[in-house]
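J.: Just so you know, we're using the working numbering here: the sequence shown kicks off at 144 and counts up by one.
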Amino acid sequence: MIPLKDKVAIVTGASRGIGRATAITLARHGVRVACVGRDDNAAHEVVERIASASGQAFSIHCDVRDEWSVKRTVEFVLEQHGTVDIMINNAGVGIHGEVEDYTLNDWHTTIDTNLTSAFLFCRAVVPIMRARKSGRIINVSSGAGRNGIAGYGAYCASKFGLIGFSESLAQEVRSDGILVSSVLPGSTDTQFGKRIPEDENAERSERARLSPFEVAEAIASLCESNPNAWISELVIRPLVVKPKA
Ligand code: NAP
C-alpha cells in the first residue's frame with residue numbers, strides 16, 4: 144500500500160455524488176483535494192466538511208467542458224500545491240433520449256462533459272506527472288461503458304469512449320510511472336440522471352444500488368495500490384440483496 148498522506152488530487156464533479164464522496168474519502172486518507180465543479184455552494188460545503196474533520200481541500204469553479212477553464216484549474220492547483228499526484232475524472236451527465244429524437248446539443252453536452260473533459264484534464268496533468276515519473280489517473284466510466292442501453296446512446300458512447308481513451312493513454316504513459324485506470328461503477332445512489340425517467344419495468348426490490356462512499360473507497364484503494372501492479376480496470380457492482388417479503 145502506498146501512503147496517500149500529503150498527495151495532491153484533483154477530483155472533478157466533487158460537488159455531489161461519487162465525486163463528493165471521493166473527495167471526502169481521499170481527504171480522510173490525508174490527501175490534499177482540489178474539488179472541481181460548477182455549483183460553488185455545494186463544493187464549498189464539501190470543503191467545509193473536509194476541513195471540519197481536519198482534512199485539506201479547496202474548491203475550484205470549473206466547467207470541465209471548457210478548455211481554458213481546465214487549464215486554469217490545473218495551473219491553480221500547481222500554484223497552491225506544486226504538483227498533481229492523482230487525477231480523478233469523474234464529472235458526468237446522463238441525458239436520456241432515443242437517437243431519432245436526440246438533439247445535437249444534448250449529444251455535445253454529454254460527450255464534452257463525460258469524455259472531452261477527461262482528455263483536457265489528462266493533457267494538462269500528464270506533463271506534470273511525467274516529470275515526476277509517477278502519477279495516478281482514474282477515469283470514472285460506467286457499466287454503460289461496456290454494454291449499450293436503449294435510450295442512452297450518447298451516454299454509452301461517452302463511457303465506451305472513455306474506456307478506449309484510458310487504455311490508449313495508459314499505454315502512452317506507463318513507462319513513465321503513470322498508472323491510468325478506468326472505474327466502472329454499477330448503479331449508485333446519487334442524484335445522477337434526475338433527468339432520466341424511471342425504468343417502469345424494473346422491479347424495485349431488485350434495484351439495489353451502491354452507495355457513493357462504497358465507490359469512493361474502491362477509488363481510494365486504487366490510489367494506494369502497489370504501483371508495480373497496475374490495475375487497469377475496476378468494475379464495482381452492488382451485491383444485490385432482495386428485501387425479505
Ligand atoms: P451526480 O451526483 O449527478 O454528480 C455529477 C457531478 O458532475 C456533479 O458534481 C456535477 O457538478 C459534475 N458536473 C456535471 N457537469 C459538469 C461540468 N460541465 N463541469 C463541471 N462539473 C460538472 O452524479 P454521480 O452519480 O455522482 O456520477 C459521477 C460519475 O459517475 C459520472 O461520470 C457518472 O457517469 C458515473 N456513474 C454514475 C453511476 C450512478 O449510478 N450514479 C453509475 C456509473 C457511473 P456541478 O453540478 O457542480 O457542475
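All residues carry an ideal CB built from backbone N, CA and C; glycine is no exception.
In this text the structure is predicted, and so the values were computed from the model without any measurement.
#1: For the pair the segment 323-333 and the segment 186-206, tell me if three or more CB-CB distances fall below 8 Å.
#2: Using 10 angstroms around the beta-carbon of residue 244, count the other beta-carbons present and answer buried if the total reaches 16, otherwise exposed.
#3: Could you check if residue 215 belongs to the surroundings of the ligand NAP, using beta carbon to heavy atom distance under 8 Å?
#4: Out of 212, 205, 317, 291, point me to the one whose CA is closest to residue 239's CA.
#5: According to DSSP, simplified to helix, strand and coil, what is residue 160?
#6: Quick one: Cα of residue 303 to Cα of residue 173, how far?
#7: Could you say if the segment 299-319 and the segment 246-262 meet the contact criterion of at least three C-beta pairs nearer than 8 Å?
#8: Taking its Cβ as the centre, do 16 or more other Cβ atoms sit within 10 Å of residue 177, making it buried, or is it exposed?
#9: Residues in its own chain within less than 8 Å of residue 241 by CB, not counting five upstream and five downstream?
#10: Between residue 155 and the rest of its own chain, which residues show a CB-CB distance below 8 Å, the 5 nearest in sequence each way excluded?
T.: If we stick to the structure as given:
#1: no
#2: exposed
#3: no
#4: 291
#5: helix
#6: 32 Å
#7: yes
#8: buried
#9: 293, 294, 296
#10: 162, 179, 180, 205, 207, 231, 232, 233, 234, 260, 264
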